[in-house]
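Those letters in the sequence shown? Residues 1 to 190, per full-length UniProt numbering, in order. Each residue gets a CB set at the ideal place from its N, CA and C atoms; glycine is no exception. Here the structure is a predicted model, which means the values were calculated and not measured.
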Amino acid sequence: MKVLQGEKDIFDDLIASNAAKAPRATLSKVEMTKHLSSDVRKSGRAFNMSGGPRKQSDSSTEDDYINELEEENKRLKSLMEYKDYELQKKKKEEEFGFDCFSELREKFDLSLQEANQRIKELEYQLNEKNADMEELQIELGAKNDEICKFEEKYRTILEQKDAQSKKEIEELKQKLTTHSNDIVDGYKAE
């Protein structure tokens, strides 16, 4: 799109006058030129080919031209105010979103710290229980050794008693046999 020199001059004047009042205009110079150019064509404002405004012979036409520029200026101001409002709104939304996110992150970090602390406590308790289990296993091994010794002693005692009992039984058998033989011999002698 070809922009005439007169439109650029008008545009630069509008930008300069509006820049002091609304320093955070969100429209770029190219966008402003597009708006201004389309409005100039729609309003039927005439420019000569050399780029300057057509010479007006009549003061009412000049007043109309000034009024159109003032209306255009008002429209651009309201457009800039609206864009500024949108920008502020977006900043607030981003701020709110960021605040929300930072609160969530703080809660998450706090929960993570609590979870890590709980994990450390549980690991400590587990290590203590493992140490206790090792001590109990050592004690159990010692008790098992004692039980094995007692079982061995009991077996030895039983074997000794068995041997003694067998010996006593043998002795009793011999006595009984001897006594039986004595009785039989006594009957025979009679």
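Taking the CA atoms as reference points, R118 sits about 12 Å from L126. In this structure M80 is buried. Its beta-carbon is surrounded by 16 or more other beta-carbon atoms within 10 angstroms.
Taking all protein chains shown into account, L76 has 16 or more neighbouring C-beta atoms within 10 Å of its C-beta and is therefore buried. Around the Cβ of E72, a 10 Å sphere holds 16 or more other Cβ atoms; the residue is buried. The alpha-carbon of Y154 is positioned some 18 Å away from that of A142. If you draw a straight line from the Cα of A131 to the Cα of E146, it comes to about 23 Å.
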